[in-house]
Amino acid sequence: MEARVHDDPETFRPLAMPLLAADPVRNTVLLTAAESLSADSVMITLHDGDDVVGLVTQVLPYPLVVTAMPIEAAELVARTVHGVRPQLTGSSGVVAHVEAFNAAWTELTGATATMQFGSRLFRLGELVPPKVDGRARQAAEVDLPLVTKWRDAFMAETFPEEAEAQAKRRPDSDGVIILWEVDGQPVSYAGARGPYAGMVRVAPVYTPEELRGHGYASAATAAVSQWALDQGAEHVLLFTDVANPTPNRLYPRLGYEPLDDSVEYKFSN
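Each residue of the sequence shown is one higher than the one before, starting from 5 at the first, in the working numbering.
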């Protein structure tokens with residue numbers, strides 16, 4: 005197997021995209037990352053003769069994503085990454101692939117790998133909307149201050165290390181936002197991105213703490229999932245925090261089925 009380093013997204017994408025598109029569900033994060041590549045990204049393809057058989061990439065400031073790396077290539081990938089990004093900050097992806105890369109990386113560099121969080125990928129089967137008081141509507145420009153406030157609260161609660169960067173983006177800049185209302189007042193919201201490569205990814209889902217416990221998040225999630233289906237999505241996906249039992253119980257009731265577990269690690273010397 006041969007590893008090739010690329011310094012231009014325009015040469016990397018034509019090699020990477022067919023491989024990623026062949027399994028868009030498992031590679032959903034990588035497909036998103038491929039749209040954000042720049043000259044300072046890590047872009048490595050793995051070749052077996054004329055065939056592209058794997059890849060890894062890193063879009064700063066995020067970790068290296070190794071889901072599409074063949075496990076048996078872990079040592080080769082670690083050496084190659086070290087040549088272009090010796091101060092790699094972390095790794096992420098499907099558990100078995102991350103564990104293989106981390107073993108090779110820590111052996112090579114002497115770094116310590118510390119897990120930051122784990123997530124679970126779900127795919128929608130048959131949608132089962134809950135029976136919850138209220139109605140759904142798509143957010144409008146007038147809702148932007150409220151949605152921004154809720155988005156920032158979600159990020160601070162769930163991904164505090166990314167909250168500042170996300171706060172600079174408009175919540176509706178690359179997807180749709182569905183509000184769930186009761187008596188004309190928004191009580192929860194769910195966002196979605198796509199369709200892309202036949203996929204829509206649902207995120208974020210947020211209900212203010214004082215309004216939780218009424219099924220509003222379930223209703224908003226079901227509504228945005230129906231929106232995704234109406235757009236022609238072949239796959240409707242979402243991620244949960246493995247350590248949070250509430251969403252891991254909630255989403256299967258709506259028809260979501262668990263697939264892969266992923267992890268993110270931080271490296272330190």
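The beta-carbon is built from N, C-alpha and C at its ideal position, and this holds for glycine as well. Quick caveat: nothing in here was measured; it's all calculated off a predicted structure.
Check	Outcome
Length of the line joining the Cα atoms of Asp52 and Leu35	22 Å
Phe16 classed as buried or exposed, judged by whether at least 16 other C-beta atoms fall within 10 angstroms	buried
Beta-carbon proximity list for Met73, same chain, < 6 Å, skipping 5 on both sides	Gly58, Val60, Val81, His101
Assigned exposure category for Ser40 - 16 Cβ within 10 Å defines buried	exposed
First and last residue of the uninterrupted alpha helix (DSSP H) at Tyr220	220-234
Contact check, Arg127 vs His239, beta carbons under 8 Å	yes
4 or more residues per run - each alpha helix (DSSP H) lying fully within the region 67-148	78-88, 99-113
C-beta atoms of Leu125 and Leu233 nearer than 8 Å	no
DSSP-derived helix/strand/coil call for Ala171	Unreliable positioning characterises Ala171 in this predicted model, as indicated by a pLDDT of 45, which lies under 50. A coordinate reading is not provided.
Alpha-carbon to alpha-carbon, Val136 and His218	8 Å
Sequence-distant residues of the same chain with beta carbon closer than 8 Å to Asp11, five excluded per side	Ala43, Met47
Per-residue burial, Thr225 [other beta carbons within 10 Å of its own, 16 or more giving buried]	buried
Nearest-angstrom Cβ-Cβ length linking Ser316 and Glu268, presumed shorter than 8 Å	The question about residue 316 has no answer, for the chain in this structure spans 5 to 273.
Extent of the continuous alpha helix (DSSP H) run through Ala38	32-38
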